[in-house]
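Numbering (the numbering used here), first residue to last: 54 to 459.
Shown next as structure tokens:
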């Protein structure tokens, strides 16, 4: 995500904290001598907000940025460059806080105005379009995200060439969207290029290289190529552990993905051990309601299922489903995945009526949101067909199986 990349890049700038303290001192002096509405004071507030964002202190950044946007709007109107720049950064802070609906609303305004004034080929417009696409992706508006990202990637290639950092970031973001859309071959094709170019330019230890390797490993897992996924993921986990420690967000994400690869290889004991560590650390760092914690809990439940520990799996999955409904809503893709996983656990425990009740809902919503061809929809079809067979509902099972790709 943009907000994680921004955070990491700015954290590694050695003088950032010192610069922030100087800016804060100047800002306090500026407020005293010139007042809140002075242009230099507003510029200092804007810069300080960006620095807070770079340090991952998104709440502090948001508070400052809201003031800056309001005052710029009052002084110069919505169409002023500085107003739009401040709005753009505020949208990024909303993204950092997980407030993607707010981020999308602001980003859409910025993109529209910058397109009108500067055209699609302007660097600011292109970056804002990329940010808007990410907001769409987080809101599960994947087709809209893809449409924008294809345009942005082509523009970066034309403007700066295939090896430019912005081009590679655009390729990486489009690859992630393809992965979410279930278009894994297209995702892999782009991701392989990104990894190769990042490695050549910055080496194996660079954060962006490791992030791209992590994403490529995810694609390999989605393609069922778990051995390739494991090899990449082991490297990423080792390097991130060494660089950032076991409690770092990226380390935990890579450990989570490695555990999934172990599960895909049938190595459920190894998967369960890793996943239990990840869940414990996510809970400690971010709490039970954090989306990453819930994802890790869901994956731990899968490991339990692989080990035949279905009662433990069910307990976790019930909690995850309830919390995802509360946080994301009933029809979010992650909520539907939780319902599908719990339905499968009910199936394994012989609770076929419970399984059917969930699986019918999952299938209906996934067909509506993703279409019949998406791998998640196909999996839901197979699961429901199996449940119907066990219930002796052969007519219904045959009807569902007719929608499966042969």
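Glycine included, each C-beta is placed from N, C-alpha and C at the ideal position. These numbers were taken from a predicted model, which means no experiment stands behind them.
Checklist entry - So, are the CB atoms of residue 352 and residue 307 less than 8 Å apart? => result no
Item to check | N-terminal and C-terminal residue of the alpha helix (DSSP H) that residue 396 is part of | outcome: 386-401
Next on the checklist: Just verifying my parser: in three-state terms, what is the DSSP assignment at residue 446?
Outcome noted: coil
Checklist entry - Nearest-angstrom Cα distance between residue 259 and residue 327? => result 24 Å
Checklist entry - So does the stretch 197-213 actually touch the stretch 379-394, counting three or more Cβ pairs closer than 8 Å? => result no
Checklist entry - How would you label residue 458, buried or exposed, when you count the other beta carbons within 10 angstroms and need 16 or more for buried? => result exposed
Item to check | Of the residues 240, 188, 173 and 191, the one placed nearest residue 208, counting alpha carbons only | outcome: 173
Checklist entry - Would you call residue 398 buried or exposed, if buried means 16 or more other Cβ atoms sit within 10 Å of its Cβ? => result buried
Item to check | Range of the contiguous alpha helix (DSSP H) that encloses residue 234 | outcome: From DSSP, residue 234 is part of no alpha helix (DSSP H); its letter is neither H nor E.
Next on the checklist: Closest to residue 349 by C-alpha separation, out of 369, 233, 435 and 273, would be which residue?
Outcome noted: 369
Item to check | Cβ contact (3+ pairs, closer than 8 Å) linking the stretch 402-412 and the stretch 204-218 | outcome: no
Item to check | Which of helix, strand or coil DSSP assigns to residue 131 | outcome: coil
Checklist entry - Roughly how many angstroms separate the alpha carbons of residue 287 and residue 401, rounded to a whole number? => result 31 Å
Checklist entry - With 16 as the cutoff for other CB atoms within 10 Å, does residue 165 come out buried or exposed? => result exposed
Item to check | 8 Å CB neighbourhood of residue 274 in its chain, flanking five on each side removed | outcome: 282, 310, 313, 314 and 317
Checklist entry - Taking the alpha-carbon positions, what's the residue 356 to residue 136 distance? => result 50 Å
Item to check | Presumed contact (8 Å Cβ cut-off) between residue 419 and residue 436, rounded CB distance | outcome: Not confirmed; about 11 Å, so no contact.
Next on the checklist: Buried or exposed, going by whether 16 or more other CB atoms sit within 10 Å of the CB of residue 230?
Outcome noted: buried
Item to check | Among 254, 266, 304 and 232, nearest to residue 245 - alpha-carbon criterion | outcome: 266
Next on the checklist: Using the three-state DSSP reduction, which class does residue 140 fall into: helix, strand or coil?
Outcome noted: helix
Checklist entry - When DSSP labels each residue in this structure, what does residue 274 get in the three-state scheme? => result helix
Item to check | Straight-line Cα distance separating residue 268 from residue 432 | outcome: 22 Å
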